[in-house]
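Heads up, the sequence shown is in numbering that gives the first Met the number 0, so the first residue is 0 and it goes up one at a time.
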Amino acid sequence: MISQLTDIPKFLLMISQLTDIPTFLLMISQLTDIPTFLLMISQLTDIPTFLLMISQLTDIPTFLLMISQLTDIPTFLLMISQLTDIPTFLLMISQLTDIPTFLLMISQLTDIPTFLLMISQLTDIPTFLLMISQLTDIPTFLLMISQLTDIPTFLLMISQLTDIPTFLLMISQLTDIPTFLLMISQLTDIPKFLLMMSQLTDIPTFLSMMSQLTDIPTFLSMMSQLTDIPKFLLMISQLTDIPKFLLMMSQLTDIPTFLSMMSQLTDIPTFLSMMSQLTDIPTFLSMMSQLTDIPTFLLMISQLTDIPTFLLIMSQLTDIPTFLLIMSQLTDIPTFLLIMSQLTDIPTFLLIMSQLTDIPTFLLMISQLTDIPTFLLMISQLTDIPTFLLMISQLTDIPTFLLMISQLTDIPTFLLMIS
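See below:
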């Protein structure tokens, strides 16, 4: 009847002059339930107009507080979704009050997990996040969420409402991944973030998603700005084994690029030292040989650090006999020595070896990996025999050398080779 005599806005304006809106709504709730009242209002005027009127008569926080006293927020939102779509509702709210204030009010009336669960029942999470990004920037939204609930709980809720790959894809459409990771690091530490991710999705899937959203060099560079690389690799090793991590990296970027990035983020000695703490050096070198051939690996290392330093690090991480044994399993010794001669001269190589292990032990190892005639033949191809003998005399006395040779091969054969 009222609507036939006067329009609803005028009616509500009159009511507000006679009594305050909270008292009016309280009276209405005693006469009829709020859902029925809102349904009637929607038949008499559209919900946006109704909310606009309410905002002119009382502030939105007070209105929502009243509603929460008369009916629970889930029921209210469910009613709203039946009367108008959620995007339109949020757009209206943003015109009446800012989104941070709205979310703060919601958190006082119902917990954020319940609110997000309700939203997911009324509209899909991608649409909700898209709407939020149109009403407020994503950094501000995440900052608000972190004030209302901790980030782990928020991400856990998101994973229950939509899969993490879809969530990250949405985030990348709303803000760039570096900005997102920077925000996350301000709200929670990166180890906690990676731990959460590993609980919500496996690390290979997470890294694969990251490579689709931003290139791996950029991702690793960002990580190095948020946490030091040793900590990052240590975290990764706790979430997935290092062989799997390196295999993933080789699928996302080539190993030379990966090692080059690592050398920019941390020095190669530190990187190799970390690797030895996370996995044994034989396993690491074996993985490298599966991902790239050993000559290419050694060539990369020589571009990132000098070979003497590399061999010195190896001797600190594993003994030289073990290192040479691994090399012989990954590539034949002639090829290994040939690569070494391309990366550093043979005198320098033998000098380094003499500093890391004594020459008798070195020659004994060589004889176990390849026969002495073949070794001497290789040496003669890499450097002339007089130079080789001169080097040997500087590293060990000739009688000791000849004694070693006699133990490894008979002297006639040795003299025949020398000749």
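By construction, the Cβ of each residue, glycine as well, lies at the ideal position given by its N, Cα and C atoms.
TODO: Give the straight-line distance between the Cα atoms of I312 and I378, rounded to the nearest whole angstrom.
DONE: The alpha-carbon separation between I312 and I378 amounts to approximately 25 Å.
Open item on the list: To the nearest angstrom, how far is the alpha carbon of D201 from that of T139?
Closed with: Rounded to the nearest angstrom, the two C-alpha atoms are 28 Å apart.
Task: Test item: CB-CB of I338 and L297 under 8 Å - done: Result yes, Cβ atoms of I338 and L297 sit closer than 8 Å.
- [ ] Look at the alpha carbon of T321 and the alpha carbon of D175, and state the distance between them as a whole number of angstroms.
- [x] Computed Cα separation, rounded: 46 Å.
- [ ] In angstroms with no decimal places, state the Cα-to-Cα distance between F348 and F283.
- [x] Each residue's Cα considered, the two are about 23 Å apart.
- [ ] Measure the C-alpha to C-alpha separation of F231 and L258 and round it to an integer number of angstroms.
- [x] C-alpha separation (whole angstroms): 15 Å.
TODO: Kindly indicate which residue of T178, M196, Q172 and F244 has the alpha-carbon position closest to the one of T451.
DONE: For residue 451 there is no data in the structure shown, the boundaries of the chain being 0 and 418.
TODO: Closer than 6 Å by C-beta to M326: which residues in its own chain qualify, once you throw out the five before and the five after it? Chain order, please.
DONE: Excluding sequence neighbours, M326 sits near F335.
Open item on the list: Do I351 and L310 have their beta-carbon atoms positioned less than 8 Å apart in this structure?
Closed with: Going by C-beta atoms, L310 is nearer than 8 Å to I351.
Task: Spatial distance of L193 from F205 (CA atoms) - done: Going from the Cα of L193 to the Cα of F205 covers about 9 Å.
Task: Backbone secondary structure at S220 - three-state DSSP - done: S220 sits in a helix when the DSSP states are folded into three classes.
Task: Pick from Q341, Q354 and I300 that is closest to D318, judged by C-alpha positions - done: It is Q354.
Task: Best match in Q198, F218 and Q159 for proximity to T178 [C-alpha to C-alpha] - done: Minimum Cα distance to T178 is reached at F218.
Task: Cutoff 7 Å; reference F374; Cβ partners in own chain excluding five residues on either side - done: Taken in chain order, the residues that qualify are I365.
TODO: Within the same chain, show all residues whose beta-carbon is closer than 7 Å to that of P398, passing over the 5 residues directly before and after it, in chain order.
DONE: Taken in chain order, the list of residues that qualify is empty.
Open item on the list: At the level of alpha carbons, what is the spacing between Q224 and D357?
Closed with: C-alpha separation (whole angstroms): 43 Å.
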